[in-house]
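Participant:
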Amino acid sequence: MSVRSAAKLFTSVLTAASLSLALLMPAGPAFADAGFRQWVAGFRATAVAGGVSGAVYDQAFRGINEPDPVVLEKARTQPEFTAPAWDYFDNRVHDQSVAVGQQMAKKWKPWLDRIEARFGVDRYILLAIWSMESNYGEILKRDDIVRNVIRSLATLAYGDPKRSKFARTQLVAALKILQTGDIDESHLMGSWAGAMGQTQFIPTSYQHYAVDMDGNGKRDIWNSIPDALATSANLLKKNGWQGGKTWGYEVTIPAGKLPAGSKTLAQWQALGVTRASGKPFKNATDKATLKVPDGRGGPAFLMIKNFSVIKAYNNADKYALAVGLLADEIAGSSGLVQDWKRPFTKLSFEERQELQKRLSQHGLYDGKFDGKIGDGTKTAIMTYQATVGLTQDGYPSMEVLKWLRKK
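Just so you know, the sequence shown maps onto residues -32 to -1, 1 to 375 in mature numbering (1 follows the signal peptide of the UniProt record, and there is no 0).
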């Protein structure tokens, strides 16, 4: 299973688990804790049979006596993802993510030179993945997000029937990571779903792709940026990354229906599809597929092989496109020629933070001022819009910010 398959699998579940921990065990925390401890004791034999030493198992579970309630809540409430294209991309490809990416490109240039030479994977793609997965490592500093991987996976294996089989497999893999000595149990931290490190690998993917790039004898994707970026590069290389080629092109399409399927860039050009930038296509014999994620009124793209390779990281078109677009902007591209069909005036990253701060001052928002427009921010916007007589659409618009500045 590929990197971040955990997140992809978990967020695709459309309903809460059919049986919660409360239903699995008799009522009351004392009974629930006893049941969890009994499960941990019983799973020890499974782990040992899978190649984990008893001593490693016991050390890993020392002090873990109850399931993580945050993990169970996250598992229960993961929504179906239905956000429009502009919402997804605005939260990931913005001026701040580009600026920090360019700073990181300079800071880590010697290592990026070595990684690019060894694996043949474009450095800007790696920086974009780092941004998408952990905001260049900033997420790992947040105690409200990162959790003990062993406890998280044990919680899911024990208390979530829909994810139990997957979590059991990942738990054994995580224990084997401890056994190698690459990381100790106190630093084996990850998301609630068990994705780990700067570039968010699930344990089985870590086992398959992890690289000790800095040569210190440990494959440390948590603390070593060279290891983390090289591990991502290794995954892309092993899944068929074509060095020296892009992921795709923004294009302009003619009126009328176009055929589906894969065609060479030359064939697409013969049909009237041209690069939005006005530049010629490179490697006209490359096969490409046309995608219009926001409909005909939005930007259109021809995706070549490397786009599919990025999806080995996370099998979603929007994810792979966000990585490609962000990578291009970090490398110096001016961004899309045809913007998303956004039904409002877009805010800059700093303006989105200002929006959150002003909503907080009105007592409507209590989250982080991180510029990310999630459900909490949207709800606060809608509440504010209702109080001042605006249409309650929840959009993070310049129109709403101007109202907030006046009040």
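Ideal Cβ positions, reconstructed from N, Cα and C, are used throughout, including at glycine.
Fair warning: this is a prediction, and the values are worked out from it, not measured in the lab.
Closest to threonine 148 by CA distance: which of Thr167, Pro171, Ala163, Arg136 is it?
Facilitator: Taking the sequence shown and counting its residues from 1, one reaches residue 148 at position 180. For threonine 148, the nearest C-alpha among the options comes from Pro171.
Participant: How long is the line joining the alpha carbons of tyrosine 363 and tryptophan 76, rounded to whole angstroms?
Facilitator: For the purposes of this step, residue 363 is taken as the residue at position 395 of the sequence shown. For the purposes of this step, residue 76 is taken as the residue at position 108 of the sequence shown. Whole-angstrom Cα-Cα distance: 36 Å.
Participant: How close, in whole Å, do the beta carbons of glutamine 166 and glycine 105 come, if the pair is a contact with beta carbons under 8 Å?
Facilitator: By 1-based counting over the sequence shown, the position of residue 166 is 198. By 1-based counting over the sequence shown, the position of residue 105 is 137. That belief holds up - the Cβ atoms of glutamine 166 and glycine 105 are roughly 5 Å apart, short of 8 Å.
Participant: Where does the unbroken alpha helix (DSSP H) through tyrosine 217 begin, and where does it stop?
Facilitator: By 1-based counting over the sequence shown, the position of residue 217 is 249. Here tyrosine 217 belongs to no alpha helix (DSSP H); instead the beta strand (DSSP E) covers 216 to 220.
Participant: What does the alpha-carbon distance come out to for the pair tryptophan 7 and lysine 133?
Facilitator: Residue 7 sits at position 39 when you count from the first residue of the sequence shown. Residue 133 sits at position 165 when you count from the first residue of the sequence shown. Approximately 14 Å, taken between the alpha carbons.
Participant: Taking buried to mean at least 16 other C-beta atoms within 10 Å of its own C-beta, is lysine 374 buried or exposed?
Facilitator: On the sequence shown, position 406 is the one that residue 374 refers to. With fewer than 16 other Cβ atoms within 10 Å, it is exposed.
Participant: Need the endpoints of the beta strand (DSSP E) that serine 230 sits in, please.
Facilitator: Looking up residue 230 in the sequence shown gives position 262. Where serine 230 is concerned, the enclosing beta strand (DSSP E) stretches over 230 to 232.
Participant: Between the Cα of leucine 323 and the Cα atoms of Ala122, Ile193, Lys346, Val305, which residue gives the shortest distance?
Facilitator: On the sequence shown, position 355 is the one that residue 323 refers to. Checking every option, the nearest Cα to that of leucine 323 belongs to Lys346.
Participant: Kindly indicate which residue of Thr257, Leu294, Asn207, Pro248 has the alpha-carbon position closest to the one of leucine 226.
Facilitator: The residue labelled residue 226 in the question sits at position 258 within the sequence shown. Measuring from the Cα of leucine 226, the nearest candidate turns out to be Thr257.
Participant: Just how far apart, CA to CA, sit aspartate 150 and leucine 139?
Facilitator: To locate residue 150, count along the sequence shown from 1; it is residue 182. To locate residue 139, count along the sequence shown from 1; it is residue 171. Cα-Cα distance, rounded: 16 Å.
Participant: Taking DSSP as the reference, what is the three-state secondary structure of arginine 115?
Facilitator: Stepping through the sequence shown from its first residue, residue 115 is reached at position 147. Strand, per DSSP.
Participant: Using C-beta distances below 8 Å, list every residue in its chain close to aspartate 152, excluding the 5 sequence neighbours before and after it, in chain order.
Facilitator: Taking the first residue of the sequence shown as position 1, residue 152 is located at position 184. For aspartate 152, where only same-chain residues beyond five positions count, the Cβ hits under 8 Å are Leu146.
Participant: Can you list, in chain order, the residues of its chain whose CB lies under 7 Å from that of asparagine 274, leaving out five sequence neighbours each side?
Facilitator: Start at 1 with the first residue of the sequence shown, and residue 274 comes out as number 306. Excluding positions up to five away in sequence, the list reads Trp209, Gln210, Lys213, Thr214, Trp215.
Participant: What residues are listed by DSSP as bridge partners for threonine 242?
Facilitator: Counting from one through the sequence shown, the residue named residue 242 turns up at place 274. Threonine 242 is bridged to Thr220.
Participant: Could you tell me whether the Cβ atoms of leucine 313 and methionine 350 are closer together than 8 Å?
Facilitator: Position 345 of the sequence shown, counted from the first residue, corresponds to residue 313. Position 382 of the sequence shown, counted from the first residue, corresponds to residue 350. Note on residue identity: the sequence assigns threonine, not leucine, to residue 313. Not a contact, by the Cβ cut-off of 8 Å.
Participant: With phenylalanine 29 as the anchor, note down where its alpha helix (DSSP H) starts and where it stops.
Facilitator: If you number the sequence shown from 1, residue 29 lands on position 61. Segment: none, phenylalanine 29 is in no alpha helix (DSSP H) and carries neither H nor E.
Participant: Taking a contact to mean a Cβ-Cβ separation below 8 Å, would you say phenylalanine 87 touches alanine 201 in this structure?
Facilitator: Here residue 87 refers to the residue found at position 119 of the sequence shown. Here residue 201 refers to the residue found at position 233 of the sequence shown. It is a contact, given that the beta carbons lie within the stated cut-off.
Participant: Is the CB-CB distance between alanine 290 and arginine 91 below 8 Å?
Facilitator: Taking the first residue of the sequence shown as 1, we reach residue 290 at position 322. Taking the first residue of the sequence shown as 1, we reach residue 91 at position 123. Not closer than 8 Å, so no.
Participant: Can you list, in chain order, the residues of its chain whose CB lies under 6 Å from that of leucine 204, leaving out five sequence neighbours each side?
Facilitator: The residue you call residue 204 lines up with position 236 of the sequence shown. Val89, Val277, listed in sequence order.
Participant: Taking leucine 258 as part of the beta strand (DSSP E), name the residues at either end of that continuous run.
Facilitator: If you number the sequence shown from 1, residue 258 lands on position 290. Counting along the chain, the beta strand (DSSP E) containing leucine 258 begins and ends at 255 to 259.
Participant: Spatial neighbours of arginine 264 within its chain, please: CB distance less than 8 Å, with the 5 preceding and 5 following residues excluded, ordered by chain position.
Facilitator: On the sequence shown, residue 264 is found 296 positions in, with the first residue counted as 1. Taken in chain order, the residues that qualify are Ile221.
Participant: Closest by CA to lysine 250, which one among Leu239, Asp262, Pro267, Ile272?
Facilitator: Against the sequence shown, residue 250 aligns to sequence position 282. Among Leu239, Asp262, Pro267, Ile272, the Cα nearest to that of lysine 250 is on Ile272.
Participant: Any contact between the stretch 299 to 308 and the stretch 227 to 240? By contact I mean 3 or more CB pairs, one from each, below 8 Å.
Facilitator: Touching, no.
Participant: From what residue to what residue does the beta strand (DSSP E) around residue 386 run?
Facilitator: For residue 386 there is no data in the structure shown, the boundaries of the chain being -32 and 375.
Participant: Grab the span of the beta strand (DSSP E) containing leucine 270 for me, first residue to last.
Facilitator: For the purposes of this step, residue 270 is identified with residue 302 of the sequence shown, where counting begins at 1. Counting along the chain, the beta strand (DSSP E) containing leucine 270 begins and ends at 268 to 271.
Participant: What's the gap between the Cα of valine 68 and the Cα of proline 194?
Facilitator: Position 100 of the sequence shown, counted from the first residue, corresponds to residue 68. Position 226 of the sequence shown, counted from the first residue, corresponds to residue 194. Computed Cα separation, rounded: 17 Å.
Participant: Starting from tyrosine 56, trace the alpha helix (DSSP H) in both directions and tell me its first and last residue.
Facilitator: Residue numbering aside, residue 56 sits at position 88 when the sequence shown is read from its first letter. Taken as a continuous stretch (DSSP letters only), the alpha helix (DSSP H) holding tyrosine 56 covers 53 to 58.
Participant: Considering just the uninterrupted stretch of the alpha helix (DSSP H) at alanine 348, what are its terminal residues?
Facilitator: Here the question's residue 348 lines up with position 380 in the sequence shown. First-last of the alpha helix (DSSP H) with alanine 348: 343 to 356.
Participant: In terms of residue numbering, what span does the alpha helix (DSSP H) encompassing methionine 100 cover?
Facilitator: Within the sequence shown, the letter at position 132 stands for residue 100. Looking at the DSSP string, the run of the alpha helix (DSSP H) that includes methionine 100 is 91 to 102.
Participant: Considering just the uninterrupted stretch of the alpha helix (DSSP H) at methionine 366, what are its terminal residues?
Facilitator: In the sequence shown, residue 366 corresponds to position 398, counting from 1. Per DSSP, methionine 366 belongs to the alpha helix (DSSP H) from 366 to 374.
Participant: Please state whether DSSP places phenylalanine 169 in a helix, a strand or coil.
Facilitator: As a position in the sequence shown, residue 169 is number 201, starting the count at 1. It is a strand residue.
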